[in-house]
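**Q** Sharing a structure, written as structure tokens. Questions coming.
If you want it as structure tokens, here you go:
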């Protein structure tokens, strides 16, 4: 009975969380200059420069703010590589 509860718990809670975490890590690893992003604080802007651990975001008023890569919540638009 206890094993069955653990299996149900794993498939309903642990496994989906691991999938979401892997997707976020993949998104943060694939960031590129020019991508339109949103930070965890709600700041919208474009990636101006990027290195291993930090991202410089250019805001609408032209200011540039430096964030950790992990502070990027979502990519709204990927840069076109045509």
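Numbering (my numbering), first residue to last: 1389 to 1470. The beta-carbon is built from N, C-alpha and C at its ideal position, and this holds for glycine as well.
Give the range of the beta strand (DSSP E) segment to which residue 1461 is assigned.
**A** Note, residue 1461: beta strand (DSSP E), 1460-1465.
**Q** Counting only runs of 3+ residues fully inside the segment 1395-1470, write out the beta strand (DSSP E) ranges in chain order.
**A** Whole beta strand (DSSP E) segments, 3+ residues: 1424-1427, 1432-1438, 1442-1446, 1452-1456 and 1460-1465.
**Q** Can you grab the Cα-Cα spacing for the pair residue 1396 / residue 1442, in whole Å?
**A** Each residue's alpha carbon lies about 39 angstroms from the other.
**Q** In whole angstroms, what separates the C-alpha of residue 1392 from that of residue 1405?
**A** Approximately 19 angstroms, taken between the alpha carbons.
**Q** Could you pull out every residue in the same chain whose Cβ sits closer than 6 angstroms to the Cβ of residue 1444, ignoring the five residues on either side in sequence?
**A** Closer than 6 angstroms at Cβ, skipping near neighbours: 1436, 1437, 1452 and 1454.
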